[in-house]
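For reference, the structure is listed below as structure tokens.
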Amino acid sequence: MKFLGPVGCLAFALYAGIVFAQESGSGPFYTTGVPSRDGIGKVYMGREISHVMGHLGASWLERPKREQEERTDLFISGLPVKEDSVVADIGAGTGYFTFPIAQRVPLGEVYAVDIQPEMLGFMATRIAQDNILNVQTVLGSKDNPNLPAAAIDLAFIVDAYHEFAFPREMGQSLVESLKPGGNLVLVEYRAEDPRVPIKRLHKMSEAQVKKEMTAIGLEWVRTDDYLPQQHVLIFQKPKESP
Ligand SMILES: C[S@@+](CC[C@H](N)C(=O)[O-])C[C@H]1O[C@@H](n2cnc3c(N)ncnc32)[C@H](O)[C@@H]1O
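Take -3 as the starting number for the sequence shown in the working numbering and just add one per residue.
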């Protein structure tokens, strides 16, 4: 090391520390800069994280035209669940997807996770009104969905992952909550398509999603592009730990 000199040694040690920290999973995974219009100024793997959509936007999630615009019906009927699957809807919002998916798993259950208590409130009202027995709301934190370990057959995240302030930590916790061989399904507006009328930071490219998911140890299974505006990416937790 003597040929590096003291400054070189210090730089090398800092670099090695960062690499070690990244590989050992303790961070730093993020850089910060000036926030762009819809972003929080925090960058993960080359992507600026967007602002969270507040609960005041709930009516936009429930808008009557959504099914027609996004063909949400196709996603709901196509999600690969069985009648006894244990499912998690991460960033569930008002439960737009939670409730129809709960009907597809009458012998299983759906954990509906969100960080906004108001969103859980919307879902609690519906659960009580319709006497729904197989949906459990879960208050997550920004870096942890607070789900039981190795309990979930399939977790899905629709139009929410790009808002996660701690995507690395959320992803790692999610992987822990999946059963071996369990699936994570991500739905994000296609960044590659300029015709999709959604703000830039609320879209993700297929390549970016794959990069971020493989970094937390998930295996890409396939990408389905049957929806008009969104990618549907399916990942799997390895059946055996490496
Ligand atoms: C645009 S909404 C989508 C809601 C729902 N998935 C849908 O498509 O109707 C995004 C949701 O993700 C939630 N969210 C953001 N960060 C989160 C996190 N770290 N953990 C859980 N939920 C989060 C927000 O509170 C918001 O309700």
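The beta-carbon is built from N, C-alpha and C at its ideal position, and this holds for glycine as well.
Remember, predicted model here, so these are calculated numbers, not experimental data.
Between the beta-carbon of residue 175 and that of residue 148 there is about 6 Å, and that keeps the pair under the 8 Å contact cut. For residue 187, the closest of 82, 37, 107, 221 by C-alpha to C-alpha distance is 221.
Contact between residue 43 and residue 226 does not hold, since the beta-carbon distance rounds to 17 Å and is not under 8 Å. Annotation: the continuous alpha helix (DSSP H) that includes residue 173 extends over 163 to 173. Residue pairing by DSSP places residue 216 opposite 231 in a beta bridge. Using a cutoff of 7 Å, the CB of residue 110 counts as near ligand 1, since one of the ligand's heavy atoms is closer than that.
Taking non-hydrogen atoms of ligand 1 into account, the C-beta of residue 160 is found less than 7 Å away from one of them.
Here DSSP, grouped into helix, strand and coil, assigns residue 221 to coil.
In the three-state reduction of the DSSP assignment, residue 186 falls in the strand class, which pools E and B. Counting along the chain, residue 204 sits inside no beta strand (DSSP E); it lies in the alpha helix (DSSP H) bounded by residues 202 to 210. Judged by DSSP secondary structure, residue 94 falls within the alpha helix (DSSP H) whose first and last residues are 94 to 100. 8 Å or more divides the Cβ of residue 223 from the Cβ of residue 179. Distances between the C-beta of residue 124 and the heavy atoms of ligand 1 are all 7 Å or more. For residue 34, the closest C-alpha among the options 146, 195, 219, 101 is that of 195.
Here residue 124 is exposed. Its C-beta has fewer than 16 other C-beta atoms within 10 Å. Set against 7 Å, the gap from the CB of residue 90 to the closest heavy atom of ligand 1 is smaller. By the neighbour-count definition (other C-beta atoms within 10 Å, threshold 16), residue 210 is an exposed residue. Boundaries for residue 236: no beta strand (DSSP E) harbours it, and the DSSP string shows neither H nor E there. Inclusion of residue 86 and residue 24 in the CB contact set at 8 Å is not warranted, their separation being larger than that value. Closest by C-alpha distance to residue 104, out of 116, 112, 90, 128, is 128. Ligand 1 never approaches residue 116 closely enough for any of its heavy atoms to be under 7 Å from the residue's Cβ. Exposure of residue 41 is indicated by the presence of fewer than 16 other C-beta atoms within 10 angstroms of its C-beta. Annotation for residue 49 indicates a beta carbon within 7 Å of some heavy atom of ligand 1. Here the C-alpha atom of residue 73 lies approximately 24 Å from the C-alpha atom of residue 134. For residue 37, the enclosing beta strand (DSSP E) starts and ends at 35 to 40.
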